[in-house]
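Report on one structure; see the data block that follows.
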Amino acid sequence: MRRYQFERLALDEWEAIDRSAAAPTFFARPAWAKALADAHPYLTAWPLRCEIKPHGHAIIPLMRGSRGRFGWNVFEGMPFGSYTAILDQTNAPVTSEIAEAVVTDLLAKADAILLNPWPLKPLRAPASIIRKLEEASVIDISGGPEQALSKMPSKSRRMVGQARRRGVQCAIETDEQAVDRYYELLEDAALNRWHISSPRTSKELLRRVAFHGKDSVEIWIARFEGKPVAGAVALYGSQEVLLWTTATRPGMEILRPHNLLHAEIEEHAAKRGIQWYNLGSSGGLAGVLKFKGSLGATSIEYETIRRESLPFRAVKGLKRRFGRTSQDEPHPVV
Numbered sequence: 665m666r667r668y669q670f671e672r673l674a675l676d677e678w679e680a681i682d683r684s685a686a687a688p689t690f691f692a693r694p695a696w697a698k699a700l701a702d703a704h705p706y707l708t709a710w711p712l713r714c715e716i717k718p719h720g721h722a723i724i725p726l727m728r729g730s731r732g733r734f735g736w737n738v739f740e741g742m743p744f745g746s747y748t749a750i751l752d753q754t755n756a757p758v759t760s761e762i763a764e765a766v767v768t769d770l771l772a773k774a775d776a777i778l779l780n781p782w783p784l785k786p787l788r789a790p791a792s793i794i795r796k797l798e799e800a801s802v803i804d805i806s807g808g809p810e811q812a813l814s815k816m817p818s819k820s821r822r823m824v825g826q827a828r829r830r831g832v833q834c835a836i837e838t839d840e841q842a843v844d845r846y847y848e849l850l851e852d853a854a855l856n857r858w859h860i861s862s863p864r865t866s867k868e869l870l871r872r873v874a875f876h877g878k879d880s881v882e883i884w885i886a887r888f889e890g891k892p893v894a895g896a897v898a899l900y901g902s903q904e905v906l907l908w909t910t911a912t913r914p915g916m917e918i919l920r921p922h923n924l925l926h927a928e929i930e931e932h933a934a935k936r937g938i939q940w941y942n943l944g945s946s947g948g949l950a951g952v953l954k955f956k957g958s959l960g961a962t963s964i965e966y967e968t969i970r971r972e973s974l975p976f977r978a979v980k981g982l983k984r985r986f987g988r989t990s991q992d993e994p995h996p997v998v
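Whatever position you read off the sequence shown (first residue = 1), add 664 for my numbering.
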């Protein structure tokens, strides 16, 4: 049986590879890993590399969680529902056969690991591994902006037209207050639409993503009569633009700013030569999935892959039974 030797890829070397050719999804790029580590100190960027003879090397973007008293090797690719991929030295996805072999070996070497693969290049794993079915909604925009917008159903295109006639305007905002401006919309939506005390995405993570991602991160704001009424954050890899987070100010839905935002981001990304517009997971919410379908998105299914070693499971089970202290167990990355 083939066995791979994994080594940690130095962050500066990973960044050099990314500058030469970006990974297909932003979530598999160093900027995302660095932002996660900045905003969540229990996480450390820990990309792995292994030699694939005669094909060069494979790169696996991962984060390592805190090791706890027992020194566990706990990895996630990547946290908070973001993606990883098995990439070659040019940051292109490796073949399915190579990816499966790498994943199989990697799973056996960690005490606990969770892999959330890029949905457009799903991973296979041994039948004994724990899987969970997930979904993402995507639109193929590789035919250019006109063809991309033509895939939007007529009802949604009418709503885009309504927003424009009512005077809604969308633009990428890059000034120092852009993060604060968008986050204020997100906080308003969290409290008054979703009825939660704060957004699930922290402002610090958003700040660090914008800082490290630079031109690969776009903060879009829709304005009506000069005031922000909706916004979105778009993240770029070499093959996809991913709509990471969106917010519409409660009471402003009638202006259809969210429809216009989607149309403008989709058109802009298509002009940049991007192949996929990824609207992400709907979280099991039928209404959200229906809205994405109304934009012309197709829902695709993929599986996350999870494994915990027998000692890790045993210790975790004992702690659940008898209680635990923060020193006994690593932060629950997986």
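Every residue, glycine too, gets a C-beta built ideally from N, C-alpha and C.
To the nearest angstrom, how far is the alpha carbon of residue i from that of residue j?
i	j	result
A842	P718	47 Å
D992	F986	In this prediction, D992 scores a pLDDT of 40, lower than 50, which makes its location untrustworthy; the coordinate-derived value is nonetheless stated afterwards. When rounded, the distance between both Cα atoms is 12 Å.
F744	S820	30 Å
G807	Q939	8 Å
W884	H876	17 Å
G735	A776	12 Å
L787	W710	20 Å
M816	N737	45 Å
P781	I918	36 Å
T748	F690	9 Å
A961	L712	33 Å
L770	R970	11 Å
N942	V905	6 Å
E671	C714	6 Å
A653	E764	With the chain represented from 665 up to 998, any question about residue 653 goes unanswered, as that position is not in the structure.
S760	L673	22 Å
I681	E965	30 Å
R871	R977	36 Å
V881	P975	41 Å
G937	S973	43 Å
G720	I794	30 Å
V998	A774	Its pLDDT being 39, under 50, V998 is placed unreliably in this model, and the value from its coordinates should be taken loosely. Cα to Cα, V998 sits roughly 12 Å from A774.
A791	L784	21 Å
F739	S746	13 Å
T912	G951	16 Å
W678	D839	29 Å
L726	L779	9 Å
In the DSSP output, which residue or residues are listed as bridge partners for residue i?
i	result
Q833	R887
T796	First, the amino acid is wrong: residue 796 is Lys here, not Thr. Paired residue(s): T968.
H721	E715
F739	R728 and I777
F976	Beta-bridge pairing links F976 to no other residue.
T962	V802
T768	According to DSSP, T768 bridges with nothing at all.
E882	A898
L787	According to DSSP, which records beta bridges pairwise, L787 is partnered with nothing at all.
L751	I723 and P757
Quick one: what does DSSP say residue i is sitting in, helix, strand or coil?
i	result
M727	strand
I762	helix
P994	Its pLDDT being 40, under 50, P994 is placed unreliably in this model, and the value from its coordinates should be taken loosely. Coil at P994, not helix or strand.
D804	strand
I645	Past the edges of the chain, shown from 665 to 998, lies residue 645, and the structure says nothing about it.
N942	strand
L949	coil
D682	helix
E840	coil
R985	helix
T689	coil
R845	helix
S814	helix
P757	strand
A874	helix
R672	strand
T708	strand
S866	coil
L850	helix
M665	Note that M665 scores 49 on pLDDT, short of 50, meaning its location in the model is unreliable and no value can be drawn from it.
W858	coil
R828	helix
W782	coil
G745	coil
R822	helix
F734	coil
Cβ-heavy atom distance between residue i and the ligand SAM below 7 Å?
i	result
R984	With respect to small molecules bound, the structure shown includes none, and the ligand SAM cannot be examined in it.
**OP:** Would you be able to state if there are at least three C-beta pairs under 8 Å between the stretch 928–946 and the stretch 955–966?
**Re:** At 8 Å Cβ cutoff, the stretches touch.
Subject >> 4-residue-minimum alpha helix (DSSP H) runs that sit fully inside the stretch 887–937, ordered along the chain >> reply: 921–935
Original post:
Counting Cβ pairs closer than 8 Å, one from the stretch 849–859 and one from the stretch 792–802, do we hit at least three?
Top reply: no
Original post:
Contact between the stretch 722–732 and the stretch 884–904: three or more CB pairs below 8 Å?
Top reply: no
Original post:
When the Cβ atoms of the stretch 919–939 are set against those of the stretch 823–831, are three or more pairs found closer than 8 Å?
Top reply: yes
Original post:
Using 8 Å as the threshold, is the stretch 971–986 in touch with the stretch 828–846, meaning 3 or more CB pairs across them?
Top reply: With a cut-off of 8 Å, the stretch 828–846 and the stretch 971–986 do not count as touching, because too few Cβ pairs lie within range.
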